[in-house]
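A.B. asks:
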Amino acid sequence: MFLFKTKQKEGNDQIKSADPSEELADGNKAPITPKRSRTKRDRKDSALSKFKLAVMISGSGSNLQAIMDAVNSGEIPDSQVALVLSNREGAYGLTRAEKQSIPTMVINSQDATKLLAILEAHEISGIVLAGYLAILPPDVVAVYDCKIVNIHPALLPMFGGKGFYGIKVHQAVLASGVKYTGATAHIVDKEVDAGAALIRGVVPVLTGDTAESLQKRVLKVEHEILVKAVKAMVQCKIEELIKKPEVLINKADREGAAEFAKGLLELGNALTE
Ligand code: GRF
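This is the structure in structure tokens:
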């Protein structure tokens, strides 16, 4: 993989995985006081305790699997997938978690108070939206400020926001005629798919690609960059990535990578090891 450090982004807008069928309801919810995010010092003070992750899913859970594998292998160190939550009953990701004896729950995605109580009860320090096709209530986003990472199957800000989810993203990419697509791991904020990007992975669009073939190749890159972003969260390095998001280009895509790299260098990005 080539690794590019990109210039600091202006503003720290945020995002979330979007499902147009699950818009937030304007309920009269009591304001919830954000708790302080876990800091480097906290991590040192509790050196023996693992960073507890909650992974939220809606479907197959291949991104969840990548995270569990990376935690088990130590690639994501000092951490534990402590809880897997789904807004959909029967999501295969729940079975993947159960196979590893990880507690699972099916939740009402709109009930912030209940969701926060569940997260608190499991001492969750960070949340990963791994193919979670619902919008998190703003109260949850506020409490876990900069501690929620989402994976989106496109190069944000392109092909993001309401209506861009699942296969629809790849259909839109093909219809647009762009030569490159990819995936973005980013921080979740109150706006859909607008949070600070952490890592982008580039995937060339090939002649003859269908939305399905593109989806398959992008999914592989999602696994790779999501693991890196979760590792950064566990190691308290998210701020560094927000300041200098990374871009990964697979060496196997040699021709596309060279062209893309040229473009990035022309834009003033630095190529690093
Ligand atoms: C991924 O493409 C993710 O980006 C999108 O939904 C898909 C989920 O895949 N939001 P999986 O459930 O992780 O296999």
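Take 6 as the starting number for the sequence shown in the working numbering and just add one per residue.
Note that CB positions come from ideal geometry on N, CA and C, so glycine has one too.
When burial is assigned at 16 or more other CB atoms within 10 Å of the CB, is K152 buried or exposed?
C.D. replies: With 16 or more Cβ atoms within 10 Å of its Cβ, K152 is classed as buried.
A.B. asks: Less than 9 Å between the beta carbons of V183 and I254, yes or no?
C.D. replies: No, the pair does not count as a contact, with Cβ atoms beyond the cut-off.
A.B. asks: If you pair each beta-carbon of the region 72-79 with each one of the region 163-182, do three or more pairs fall below 8 Å?
C.D. replies: Flag = no, the region 72-79 and the region 163-182 do not touch.
A.B. asks: According to DSSP, is L58 part of a helix, a strand, or is it coil?
C.D. replies: If DSSP states are grouped into helix, strand and coil, L58 belongs with the strands.
A.B. asks: Within 8 Å: the Cβ of E157 and any heavy atom of ligand 1?
C.D. replies: Note that residue 157 is His in the sequence shown, not Glu. Indeed, a heavy atom of ligand 1 lies less than 8 Å from the Cβ.
A.B. asks: Ligand 1 heavy atoms versus the CB of S114: any closer than 8 Å?
C.D. replies: No, the beta carbon of S114 sits no closer than 8 Å to any heavy atom of ligand 1.
A.B. asks: How many angstroms separate the CA atom of V193 from the CA atom of Y137?
C.D. replies: Rounded to whole angstroms, V193 to Y137 spans 12 Å at the Cα level.
A.B. asks: Taking C-alpha atoms, which residue in E128, A117 and V89 lies nearest to V111?
C.D. replies: For V111, the nearest C-alpha among the options comes from V89.
A.B. asks: Report back the beta-carbon spacing between A117 and P142 to the nearest angstrom; my notes put them in contact at under 8 Å.
C.D. replies: Rounded, the Cβ-Cβ distance is 4 Å, consistent with contact.
A.B. asks: Out of V252, P250 and L58, point me to the one whose CA is closest to Y149's CA.
C.D. replies: Looking at the Cα atoms, L58 is the closest of the given residues.
A.B. asks: Could you spell out where the beta strand (DSSP E) holding E251 opens and where it closes?
C.D. replies: Where E251 is concerned, the enclosing beta strand (DSSP E) stretches over E251 to I254.
A.B. asks: Check whether the Cβ atoms of S63 and S91 sit closer than 9 Å, and answer yes or no.
C.D. replies: Yes; because the gap between Cβ atoms is below 9 Å, this pair is in contact.
A.B. asks: Considering just the uninterrupted stretch of the beta strand (DSSP E) at S67, what are its terminal residues?
C.D. replies: Looking at the DSSP string, S67 is not in any beta strand (DSSP E); the run it does join, the alpha helix (DSSP H), is S67 to S78.
A.B. asks: Give me the Cα-Cα distance between H127 and S218, rounded to the nearest whole angstrom.
C.D. replies: Taking the straight line from one Cα to the other gives about 38 Å.
A.B. asks: Ligand 1 heavy atoms versus the CB of Y170: any closer than 8 Å?
C.D. replies: For ligand 1, at least one heavy atom lies less than 8 Å from the Cβ of Y170.
A.B. asks: Give the DSSP bridge partners of N155, in chain order.
C.D. replies: N155 is bridged to L134 and H191.
A.B. asks: Output the boundary residues of the beta strand (DSSP E) element that contains G206.
C.D. replies: Segment A202 to P209, the beta strand (DSSP E) holding G206.
A.B. asks: Suppose you measure from the CA of M61 to the CA of I156; what does that come to, to the nearest Å?
C.D. replies: Straight-line Cα distance between these residues: approximately 11 Å.
A.B. asks: Using 10 angstroms around the beta-carbon of G211, count the other beta-carbons present and answer buried if the total reaches 16, otherwise exposed.
C.D. replies: Sequence inspection shows Leu at residue 211; the Gly mentioned does not correspond to that position. Per the 10 Å Cβ criterion, exposed.
A.B. asks: In chain order, what residues of the same chain have a beta carbon less than 6 Å from the beta carbon of G131, not counting five sequence neighbours either side?
C.D. replies: Counting only Cβ-Cβ distances below 6 Å, and skipping sequence neighbours, we find L58, K152 and M238.
A.B. asks: Beta-carbon separation of A96 and S67 under 9 Å?
C.D. replies: No, the Cβ-Cβ distance between A96 and S67 is not below 9 Å.
A.B. asks: Cutting at 8 Å between CB atoms, please list the residues of its own chain near E94, excluding the five before and the five after it.
C.D. replies: So the list reads V111, once near-sequence residues are dropped.
A.B. asks: Thinking C-alpha only, which one of V86, R205 and L160 is nearest A102?
C.D. replies: Among V86, R205 and L160, the Cα nearest to that of A102 belongs to V86.
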